[in-house]
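The next block holds one structure in the form of structure tokens; read it before the comments.
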Amino acid sequence: MKKNLIIGFLLVMFLIVVSGCGKTNPSSSQEQNNDKLPVAVSFQAMKEITEAVGKDHVEVNCVIPDGTEPHDFQPTAKDLTIISKSKMFIYNGLGLEKSWLDKVTAADDNKGLTLVEASKEATPMMVAEDNSDSKVTDPHFWLSVEGAKLEAKNIRDALIAADGKNKADYEKNYQEFAGKLDDLKKEYTEKFQNSKRHDFVTGHAAFGYLARDFNLKQNSVSDALLSGEPSAKKLKELTDYCRQNNVTTIFVEDMVNPKISETLATEVNAKTVKIYTLESSPDNLDYISALRYDLDKIYESLNS
Ligand SMILES: [Zn+2]
Numbered sequence: 563m564k565k566n567l568i569i570g571f572l573l574v575m576f577l578i579v580v581s582g583c584g585k586t587n588p589s590s591s592q593e594q595n596n597d598k599l600p601v602a603v604s605f606q607a608m609k610e611i612t613e614a615v616g617k618d619h620v621e622v623n624c625v626i627p628d629g630t631e632p633h634d635f636q637p638t639a640k641d642l643t644i645i646s647k648s649k650m651f652i653y654n655g656l657g658l659e660k661s662w663l664d665k666v667t668a669a670d671d672n673k674g675l676t677l678v679e680a681s682k683e684a685t686p687m688m689v690a691e692d693n694s695d696s697k698v699t700d701p702h703f704w705l706s707v708e709g710a711k712l713e714a715k716n717i718r719d720a721l722i723a724a725d726g727k728n729k730a731d732y733e734k735n736y737q738e739f740a741g742k743l744d745d746l747k748k749e750y751t752e753k754f755q756n757s758k759r760h761d762f763v764t765g766h767a768a769f770g771y772l773a774r775d776f777n778l779k780q781n782s783v784s785d786a787l788l789s790g791e792p793s794a795k796k797l798k799e800l801t802d803y804c805r806q807n808n809v810t811t812i813f814v815e816d817m818v819n820p821k822i823s824e825t826l827a828t829e830v831n832a833k834t835v836k837i838y839t840l841e842s843s844p845d846n847l848d849y850i851s852a853l854r855y856d857l858d859k860i861y862e863s864l865n866s
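The sequence shown begins at 563 in my numbering and counts up one residue at a time.
Written as structure tokens, this is what we have:
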């Protein structure tokens, strides 16, 4: 009898332990993760927009590590495994990923992969390269109110096509994101119309589309593709330009050497101010807050 009690007690303990494990079993949280749509993106800005539209329904991984400059990037085989584990690959386009996109499409692992060009149907801007007369497409479409809105729309459509059961949420998230962009457009259109000046100077020419949104003019130390240091002639022109246009601020960006911008600022008695290109994460700001920060700093610089 006593023996049976001991066996019964042990059996009860065993069941408690087993069921207890079930509750904290990592496989249950794994299951939740597996519910999310696995999405690979090329770089930080695509991650920000995809997460704004996808929210809890997507698991977004970046091919280009945060803090790595995207204009001169070549993925390793390991970087590309992020893509082969995903249902879709979202890239900016307009030439930004041109040098490695064929490696993505050629890989056997990526046969069923959906490719999403976020800038599809954009009206591109052509810009000059510093060291030649040739024109290239400016890729920085994400860094503008109109551009972010179109990219969010294209990303929304791709998420709905891949994960129709969450269509209503993707639409709602897009409306919320686009609404905030519309508010920014309205607020800053008025401000810039009444601005004292309309010319601003950046280190990296990443703000061409943002300038187009508000009829502003961007000039810069380095070109849109960061393809080398400016010539002495270009620097002389830029110095004269800053003096003629009363430029009070030279903007500096993440991952771009600020040395020439600092020298230019000293030369023309301007100050340097940090600005976000969203090519790396904008500190602890979200996408909309980073764009608002940029617009604020540009506005201040045109009215000080
Ligand atoms: Zn750039």
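Yeah, the Cβ is synthetic: ideal placement off N, Cα and C, and Gly gets one too.
Quantities reported herein were computed from a predicted structural model and do not represent experimental measurements.
- Counting only the Cα atoms, valine 603 lies some 9 Å from valine 678.
- For alanine 786, the distance from the CB to the nearest heavy atom of ligand 1 is below 8 Å.
- If you measure from each CB to the nearest heavy atom of ligand 1, the residues under 6 Å come out as His633, His702, His766, Ala768, Thr839, Glu841.
- No Cβ-Cβ contact shorter than 9 Å links alanine 852 with phenylalanine 739.
- Taking 9 Å as the cut-off, the Cβ atoms of alanine 767 and alanine 794 do not count as close.
- Counting only residues of its own chain and dropping the five nearest sequence neighbours on each side, isoleucine 822 has a CB closer than 8 Å to the CB of Gly765, Val783, Ser784, Glu791, Pro792, Leu797.
- Looking at the backbone, the Cα of glutamine 755 and that of threonine 839 are separated by about 23 Å.
- Going by DSSP, glycine 616 is part of the alpha helix (DSSP H) stretching over 606-616.
- Aspartate 700 counts as buried, since at least 16 other C-beta atoms from the protein chains shown sit within 10 angstroms of its C-beta.
- According to the DSSP assignment, tyrosine 653 belongs to the beta strand (DSSP E) that extends over 650-653.
- Restricting attention to Ala607, Glu733, Asp856, the CA atom closest to the CA of proline 632 is found in Ala607.
- Taking C-alpha positions only, isoleucine 860 is separated from phenylalanine 762 by approximately 7 Å.
- According to the DSSP secondary-structure assignment, glutamine 737 is paired through a beta bridge with no residue.
- By the neighbour-count criterion, in which 16 or more other beta carbons inside 10 Å mark a residue as buried, alanine 730 falls on the exposed side.
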